[in-house]
Structure formats: structure tokens, C-alpha cells
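First to last, the protein sequences are chains A and B.
First residue of the first sequence: 0, per numbering that gives the first Met the number 0; consecutive thereafter.
First residue of the second sequence: 0, per numbering that gives the first Met the number 0; consecutive thereafter.
The beta carbon of each residue, even a glycine, is placed where N, CA and C say it ideally should be.
Scroll down for the structure; my scribbles are underneath it.
2 protein chains.
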Amino acid sequence: MDRERQQELREKDRQYVWHPFTQMKDYAAQDHVLIEKADGIMLYDADGKSYYDTISSWWCNVHGHGNPRIKEAIRRQLEQFDHIMFSGLTHQPGIELAEQLVQVTPDGLTKVFYSDNGSTAVEVAIKMSFQYWQQIGQQSKTNFVFMENSYHGDTIGAVSVGGVDLYHAMFKPLLFNAIRVPSPDVRQLGNERTPEREAALVADALDAVRTLFRERAHELAGIIVEPMIQAAGGMVIYPAAYLRGLRELCAQFNVHLIADEVATGFGRTGRMFACEHAGISPDILCLSKGLTAGMMPLAATLCREEIYAAFYDDYATQKTFFHGHSFTGNPVACAVALESLRLFRDEAVLEQSQAAANTLTEQMNTFTSLPHVADVRQLGMIAALDLYRDPETRTPFASDLRIGTRMYHAGLAEGLILRPLGDTIYYWLPLCTTPSQIEDIVERTQRVLRQVTAPLS
Amino acid sequence: MDRERQQELREKDRQYVWHPFTQMKDYAAQDHVLIEKADGIMLYDADGKSYYDTISSWWCNVHGHGNPRIKEAIRRQLEQFDHIMFSGLTHQPGIELAEQLVQVTPDGLTKVFYSDNGSTAVEVAIKMSFQYWQQIGQQSKTNFVFMENSYHGDTIGAVSVGGVDLYHAMFKPLLFNAIRVPSPDVRQLGNERTPEREAALVADALDAVRTLFRERAHELAGIIVEPMIQAAGGMVIYPAAYLRGLRELCAQFNVHLIADEVATGFGRTGRMFACEHAGISPDILCLSKGLTAGMMPLAATLCREEIYAAFYDDYATQKTFFHGHSFTGNPVACAVALESLRLFRDEAVLEQSQAAANTLTEQMNTFTSLPHVADVRQLGMIAALDLYRDPETRTPFASDLRIGTRMYHAGLAEGLILRPLGDTIYYWLPLCTTPSQIEDIVERTQRVLRQVTAPLS
Ligand SMILES: Cc1ncc(COP(=O)(O)O)c(C=O)c1O
Ligand SMILES: Cc1ncc(COP(=O)(O)O)c(C=O)c1O
Chain A
0 MDRERQQELR EKDRQYVWHP FTQMKDYAAQ DHVLIEKADG IMLYDADGKS
50 YYDTISSWWC NVHGHGNPRI KEAIRRQLEQ FDHIMFSGLT HQPGIELAEQ
100 LVQVTPDGLT KVFYSDNGST AVEVAIKMSF QYWQQIGQQS KTNFVFMENS
150 YHGDTIGAVS VGGVDLYHAM FKPLLFNAIR VPSPDVRQLG NERTPEREAA
200 LVADALDAVR TLFRERAHEL AGIIVEPMIQ AAGGMVIYPA AYLRGLRELC
250 AQFNVHLIAD EVATGFGRTG RMFACEHAGI SPDILCLSKG LTAGMMPLAA
300 TLCREEIYAA FYDDYATQKT FFHGHSFTGN PVACAVALES LRLFRDEAVL
350 EQSQAAANTL TEQMNTFTSL PHVADVRQLG MIAALDLYRD PETRTPFASD
400 LRIGTRMYHA GLAEGLILRP LGDTIYYWLP LCTTPSQIED IVERTQRVLR
450 QVTAPLS
Chain B
0 MDRERQQELR EKDRQYVWHP FTQMKDYAAQ DHVLIEKADG IMLYDADGKS
50 YYDTISSWWC NVHGHGNPRI KEAIRRQLEQ FDHIMFSGLT HQPGIELAEQ
100 LVQVTPDGLT KVFYSDNGST AVEVAIKMSF QYWQQIGQQS KTNFVFMENS
150 YHGDTIGAVS VGGVDLYHAM FKPLLFNAIR VPSPDVRQLG NERTPEREAA
200 LVADALDAVR TLFRERAHEL AGIIVEPMIQ AAGGMVIYPA AYLRGLRELC
250 AQFNVHLIAD EVATGFGRTG RMFACEHAGI SPDILCLSKG LTAGMMPLAA
300 TLCREEIYAA FYDDYATQKT FFHGHSFTGN PVACAVALES LRLFRDEAVL
350 EQSQAAANTL TEQMNTFTSL PHVADVRQLG MIAALDLYRD PETRTPFASD
400 LRIGTRMYHA GLAEGLILRP LGDTIYYWLP LCTTPSQIED IVERTQRVLR
450 QVTAPLS
């Protein structure tokens, strides 16, 4: 794209666009990167400069950009029909995707309710759980439980069960009351991490839930969790034992376990779904992002048959679940999701990515000896580390240094899209990333890290 | 599609899919219509039987299904790049669409914030308005006002400002408190409708708002309305004078006017936006559905510059709007929306649809003399009527007769997709509908109406 056209677009971007999660003044003196092409893990700006999309465009992209089979699936579906309503009408891609989702997700989930994004998948889960208890005669079960550090989206219902104050505190007067339980964040153990201490931490976190459930289960509809990784809350990877304990407590005390796999679903953690690391099935499961391989908006909320059954009755009994979105079950998005699942099978994507994940493990190890680095962690194609002024004592950098933002900017110069969460640097790689790309990404990141931290040491 | 395959899909539909807004037991003995093809206003089921999509697949479709220019726009965008994140990165379709939206929407709206569906467009509006007052030092302005009969979506924030109890009453414990004002529903005047009485009704409805604002404006962030037509609330068409009055009151008392044009936007009412009927500009505007010509999920919330400006500051002042969705500004959806706006221009869509709207007026007049029909009404390509046992006295049919549902079923047999709201029968036609198609649709509908009501007379 010629420079004049670029300039024109940049001015219009400033004039008309309000970007999400962005302090727009940060971009007064500096431009948003204008992307013109994407291919595999690479993005190309309008000057042709390339960048590794190390965070899969917000944890969405699965098979890389521009996958020819996905494009062909879109073309094929458009030859048949584009969008039609999903009430009263139905269609093959919507039906077949529902079947496949029931098959690939953890056991016991039997029905699929579509919506458009991760936030609405969570809203559906909350409303479904709430209405279920009303309809089986346990009207006092109206409250929800969430974990500290959790993030479930930005609509009011999703924010109400969110545990990151930066995003949520402002909106308190609009939120329903929900109950926070501790996160078994093993980073709390600092340098004292041993298997025993981890187990004790998990036991403590579960005790908090048990105490709450014992006292108030009769008021509780469900508990919502991001299985294995609290993503937006800082890439907190926690032990699978916590999930197993939670599953037992929910069964024992009759509280729905709602698993939000919007971010973790579809192979990113090394398993198709993060719940598999713990060998558990939730009562309700939320999916989005990777569902369409990161191509277009689509979400699904799956539930157990007994939940569905509590809504299934004569119309006059008024048990209908009155929830829906205009674009529910968009046929093009469903066709894309189906093709993505075919790709998983035909190209043994999960198995293939295992080699890459092993390389990622080796490479992440090389960070541990670098200055300012602590808590290097990984699960499948996700890896993270935290930067501290003094990592030994976990003394943070002054927040006005905005280390993460500096890493972001320096990363761009090195051809990396990094998007740190505070001072947590992370990768969330497409499953198509090759071992040698991972080596290159890590080498570049370490160069960036030295550049950013050297003047501060 | 052969019958065996159809049967297989129908069984899977029952086994795996939970359809939106649907009492699934209604479909125990009866099938969802399995759609296999769509073209213009027509849908075709797996047996090749055709149906008029008289409600534009939930008020979304604008130019008809399968428009070749839209398909080509998708293909073109996919050749460039598919989905990329819209924070830190930007792209031509997202920028150009924002520019165009600012240009085509009512004056004074300068910034575009994207999201994925109508509900999130409303959630963004609510949170934006709320945070605005917090940041300009008017912290007590935390409440929202809505109209009875209103519908703004199904996420908890949108439900909190919803006025249709059927959808919303159940979830009360999860909702924030909002304040209901009367709807200037001229149907209240029954057979006594005169311009004077309509004006008095509007004046009364505005008085209620004035009284509320006088007492509590210091606590009020905004009032949200569906301009001109309360759609899901029963296709309530109200006088433009109400909107003008509301605009004045909002300015006078410093309360945001939030216009939800998710349903009415993009030409459906005979103007590009329903606000134009009243010649007003809101402070915040919500768009979705027709934004992509009904092809795929995309939404936008536009606001005045002063609102944007209240968030624009040094990062450390903590004024960032922390809202975003993974698929924000999806490039494919933006490219489709741009092509739809080009179609509006190149094919003079609004002007063309005027002839069709005139035919619709003539044709709707033929309903007025039919038994059981009352309150025939129309705005642009939207028209509605209510069915009563006795239309003179507005005595309804017994609700367990489910007249609307009967109309729906009988409509299918006649090749019509109708989706009555209770006993309100309506059309929400694609702008490409021709006068002769309208005649055919109305003729079929009247046949259906006679079939359904004759045995009840
Ligand atoms: C006026 C209005 N606002 C908001 C919505 C919600 O949109 P969505 O279904 O895309 O969430 C609708 C949907 O019918 C609507 O009619
Ligand atoms: C775990 C989790 N849940 C829900 C969401 C919300 O999804 P969306 O941004 O599509 O609304 C996210 C998005 O980042 C997420 O990570």
C-alpha cells in the first residue's frame, strides 16, 4: 500500500475508530499497526513488514491465518445459503456442528445452545443455570460463585462474575452480587514451590469453596471457572487437582460447575479441552474463539441433559428459555467450525502441535536464567512469565514504567505481536506454529527483553 | 436432499440442538424447517419447497439472500486476511466502515466502537454512558431509564433495560434496577384515534419522563429507546413527536439519549435510520443486524465526541474503556458491511424500496376490513396488525389458543415464514422485495388468516 494511502487510513483511524481495551491517547503520537495481509502465524503491515502473531489474535486463531480449507468451506457454504434465522428453521451446518461438539467435548454434555461471542456464551450459561433451579423448585439458588483473577467477558452478566478489578470495579453498581473464592495461584508460593506446598495451596482453595458450599449451597446456582488457566487475569496456570476437587464439591453440594473454555478450548492447552487435564466434565461448558478457528464470531454453550430437560415442557408451563441472538447459529460460522474440526482430524493437529509444545518447553527454560524473569510456566501452546525488578523477592517494577507496554512496542520493532498483561509476558500460539518458528520467536523476545530491561537494571 | 438424509438431520437436530427462544417440546411432534438454499427473499427447504422470508431472518437481511456482490466482498477480503485482533492492530475495512458509519448516521456521532451483536452494542452503550458520568465528576448518575414494551437484547445488562416481562421477569434477581416510563403506544386509543388524542398521549408520555427527570436527573445516566418502533415488544409504532420531545428533555436535563437502532437501522423504516423520522440525533447509537446486510454478526456503538473525549487521557488517569470482544471489528464482517453500504448507494436501494413500501401500504389497507383484525400499521418495509376475538372491543383470543403459533404453522404450508409476536402478525421485509412479491405475500397471508380464524368465529 502506498505511503499516502497509509497516511490517509491512519488519520481516519484516529478520527473515527475507538479501539477496544485501549487508552486511545496512547496512540496519539504512535500508530496502530495497519495490517494488510496474514498468512499462517505471520501478519504483514502495509509496508510489508512481518510480525509473528504470538497471541493468535487474542487467543482465537488455531490453524494459522488464511487456511485454504477454511476459505473453501466459507465459499461452499455461501453457494448454498448465507444467514438464516435459527428459530423455527434449522440447517445442516448448525445441526452437524452441534453433533460434533457433543462428541468432542467432555462426556455428559448433550445439548448445544449457540450464540455469538464468549461473553454471550457465559451469559447463556448463567441464565440457563439460574432458570434451571427456578424450574425444579429450588428458587433460593440464585447466586453465583467465581474465582479471583477470573475473566469471563465484558457484558454485565459476565462482568458480574469477573475477578479482575482493573476491568470490573468501575461498574459495580450495575453488577449482580457474586461470591469470590481464592485462586490456587501457585505463584503465591514464590521460590518455595514444592509439590507438597502446591497440594496444600490447592487444599486451602478447595476448603474455602467447601466452607462456602456448606453454609450457602442452598443459595448457590453455580460456580464459573476458567479450567487450568486464568487467561486475562494474568495467565495463571493452576493444578488440575483443584478442578477435580471442585467437580466433587459441586456434585456433593448440588451446585453447577460452569467451565468457561472460551479461551482454552480447541487444543490450545495440549488437550482438546482444558477440562481433560483433570479428567472432569462440567455441567455447563462455554465455547467461542477457537470454535471457528478464530475466523469469525460464533459461540456455544453446552449443558447436561437434565438441565435441558428442566426446560422441556408444554408451552403453557412457561419454562421456555427466552434467550436468543439474531445471528444465532450463523451457517457460515458453523461451516467454518465444522471444517476446523475436520482439520483437527485430517491433519492430526493436536498430535502435531505436541512437538511444537515440546520445543516451547525447552525454549521457555532458557528464560529462567535471564534477569528480571520469574514464574516461567507453560501448558501446551500457552506459555508465560512475569517480569519483576527483583524476581527473587518478587518486587515489581514501578507501575508507571509500564514494562508490558514497553515490551509491546519493542516487540513490534522485532517483528513480534506481544500483548503483555501488565508485566506478564505470554505466548498463546496457533497450533500450526513450527518448532523453528518458536525458536525464532523466543530469540526475538529475549532480544526485546534485554533492550527493555537493560536500562532499568 | 434425499429423504433419508433429511430424516437423519432432523433426528440429530432433536438430539443435539437447543434452539433460541423456543419451547423445544413444541417441536416434539413437528419438525423445524430444514433450509437448504436461499435466494433473494426466498428460502428453500430440503424438499425444494419455497418460503417467503417475510421477517428477513429476524429483521437482519437487507438486500436478499445470496447477493453476489456481498459474496464477492467476502471472497476478496479472505484473499487479503481473515480475522485479526483490533487492539494495537488496525485494518482498512474496520477504518473505512467507521468513517462511513459516521457519515451515514445522524449528525454529531463521531466515534465507532465495534462489537458482535445487538445485545453487546447495547451493553457497550450502557457501560460507556455509565463510565462517562463517573469520569466527568457526576458520580451519582448511575441509573438508566427504559420504555415499557422495550427489548434491547438478552445479556444481563440489556435485559435490565428490557420492558417485556415474558422475556425478563424470571431474571429479576440478576438485573440492575432501571426505571420504566410509559410507551406512547397509540393502540391504547383503540377506535378513538384522532391526531389530537395521539398528541395528548405523546404529551402524557413525555410528562412522565419530565417528572422523572425533574426529580431524579442527577441520578440518571441515560434513557434507552428503540426509535419509532418497539419491535420485539409487539411492533409498536409510535409518533415521531415523542422522540423529538425526548431529545429536548435529555438535552435540558443532561441525560444521555441512547437510540437502539439494532432493528430499525439500515433502511427498514423507509429512512436510513429511524431517528431521521424525528430529525433527531441521539448521544449514543446502537447498530447491528442490517449493518452486515444480515450476513454475519457485527455490531457498532457510535457516540458523540464529548463522550469519547471523557475517556481520552493519560493512561495513568485510569479512564480507559475496558471493554472488548475477541472478534471486535472482524475484517470479513466489516468488508461485508462496506459492500452493503455501497449497494445502498449504487443501486439506490432506499429510493427503490419506496415503491415497494407504497405497495405495502395499499396491501395492508386490504386487511382492515377482515374479521379479527385491528391496528393495521406500517413504517417503510415494516407492517403489523393485531388479531383479536373481537377487534371492536379489543377482546383478545384466549391465550391457550396460541393464534400466533397457528398462523406460523399455517403460514409454512402456504410458503410463508411468519413469526408472530403473540397475536401480532407482522412483516419485516428485505429492501429488495418487489411490489408483486408483496402482493403475493399478502394474498397468502390472508388465506392463512381465514384458515386459522374461520373455525374460531
Ligand atoms: C432493538 C433491538 N436491540 C437489541 C437486540 C439484540 O440483538 P442480538 O439478538 O443481536 O443480540 C435486538 C434483537 O432482536 C433488537 O431488536
Ligand atoms: C475465558 C474467557 N471467557 C470469555 C471471554 C469473552 O469472550 P468475548 O471477548 O468473545 O466476548 C474471554 C475473552 O477473552 C475469555 O478469555
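Would the beta-carbon of residue i be found less than 7 Å away from any heavy atom of ligand 1?
i         : result
Ala231(B) : yes
Ala204(A) : no
Glu225(B) : yes
Val372(B) : no
Could you round the C-beta distance between residue i and residue j to whole angstroms and report it? I think they count as a contact, below 8 Å.
i         : j         : result
Ile381(B) : Tyr426(B) : 7 Å
Phe112(A) : Trp17(B)  : 4 Å
Met169(A) : Gln130(B) : 6 Å
Gly221(B) : Val254(B) : 6 Å
Leu297(B) : Ala332(B) : 4 Å
Leu420(A) : Gly233(A) : 5 Å
Ser139(B) : Glu214(B) : About 13 Å separates the two Cβ atoms, so there is no contact after all.
Thr432(B) : Ile40(B)  : 5 Å
Asn329(B) : Met295(A) : 6 Å
Tyr311(A) : Ala231(A) : Between Ala231(A) and Tyr311(A) the Cβ distance is about 35 Å, and since that is not below 8 Å, they are no contact.
Phe458(A) : Ala216(A) : Because residue 458(A) is not part of the residues shown, which for chain A are 0 to 456, the question remains open.
Who are the near neighbours of residue i in its chain, counting only those whose CB is closer than 8 Å to its CB and skipping five residues on each side?
i         : result
Leu430(B) : Val61, His62, Gly266, Arg267, Val348, Leu349, Gln351, Ser352, Ala355, Met380
Gln5(A)   : Leu33, Ala45, Asp46
Leu188(B) : Arg196, Glu197, Leu200
Val457(A) : Because residue 457(A) is not part of the residues shown, which for chain A are 0 to 456, the question remains open.
Given that residue i touches chain B, what residues does it touch there, using C-beta distances under 8 Å?
i        : result
Ile34(A) : Phe80, Ile83, Leu88, Thr89, His90
Relative to ligand 2, is the shortest distance from any of its heavy atoms to the C-beta of residue i smaller than 7 Å?
i         : result
Phe326(B) : yes
Asn364(B) : no
Ala462(A) : The requested residue 462(A) is not part of the displayed model; chain A covers only 0 to 456.
Ser118(B) : no
Val158(A) : no
Gly379(A) : no
Tyr150(A) : yes
Val121(A) : yes
Ser287(B) : no
Asp184(A) : no
Asn399(A) : Before going further, note that residue 399(A) is Asp rather than Asn in the sequence given. No.
Using the beta-carbon of each residue, which ones in chain A are nearer than 7 Å to residue i?
i         : result
Pro105(B) : Neighbours of Pro105(B) on chain A: none; closest Cβ ~15 Å, over 7 Å.
Trp17(B)  : Lys110, Val111, Phe112, Tyr307
Glu98(B)  : Lys11, Tyr15
Ala315(B) : Asp399
Kindly list, in the order they appear in chain A, the residues whose Cβ is closer than 9 Å to that of residue i.
i         : result
Ser159(B) : Ile155, Leu173
Tyr311(B) : Gln22, Met23, Lys24, Ala27
What residues of chain A sit near residue i, judged by a beta carbon separation below 8 Å?
i         : result
Gly65(B)  : Leu77, Phe80, Asp81
Met294(B) : Asp81, His82, Val331
Looking only at its own chain, which residues have a Cβ that is under 7 Å from the Cβ of residue i, when we skip the five neighbours before and after it?
i         : result
Val261(A) : Gly117, Ala120, Cys285, Leu286, Ser287, Lys288
Leu173(B) : Ile155
Thr104(A) : Phe272, Leu284, Leu301
Arg475(A) : The structure shown does not extend to residue 475(A), since chain A is modelled only from 0 to 456, so the question has no answer here.
Asp385(B) : Ala373, Asp374, Asp422, Thr423
Glu36(A)  : The sequence shown places Lys at residue 36(A), rather than the Glu named in the question. So the list reads Tyr43, once near-sequence residues are dropped.
In its own chain, which residues sit with a C-beta less than 6 Å from the C-beta of residue i, not counting the 5 before and 5 after it?
i         : result
Asp30(A)  : Arg9
Gly459(B) : This structure leaves residue 459(B) out entirely; chain B is present only between 0 and 456.
Arg344(A) : none
Could you work out which residues of chain B lie near residue i, taking near to mean beta carbons separated by less than 7 Å?
i         : result
Glu260(A) : What Glu260(A) touches in chain B: nothing, since even the nearest Cβ is about 13 Å away.
His151(A) : Here the premise fails: no neighbours, minimum Cβ distance about 12 Å.
For residue i, go through chain B and note every residue whose CB falls closer than 9 Å to its CB, in chain order.
i         : result
Gln133(A) : Met169
Gln130(A) : Met169, Phe170
Any chance you could list the alpha helix (DSSP H) runs of at least 4 consecutive residues sitting entirely within the stretch 79 to 150 of chain B, in chain order? If we require 4 residues or more, the alpha helix (DSSP H) runs fully inside the stretch 79 to 150 of chain B come out as 91 to 103, 117 to 134.
Length at least 4, wholly inside the stretch 290 to 366 of chain B: the alpha helix (DSSP H) runs in chain order: For the alpha helix (DSSP H) assignment, the uninterrupted runs of no fewer than 4 residues enclosed by the stretch 290 to 366 of chain B are, from N- to C-terminal side, 304 to 308, 330 to 345, 348 to 364.
Kindly provide the ranges of any beta strand (DSSP E) runs that are 3 or more residues long and lie completely inside the stretch 356 to 418 of chain A, ordered along the chain. Listed in chain order, the complete beta strand (DSSP E) runs (minimum 3 residues) inside the stretch 356 to 418 of chain A are 372 to 378, 381 to 386.
Of all the alpha helix (DSSP H) runs that stay within the bounds of the stretch 42 to 83 of chain B, which reach a length of 4 or more residues? Runs found: 55 to 58, 67 to 79.
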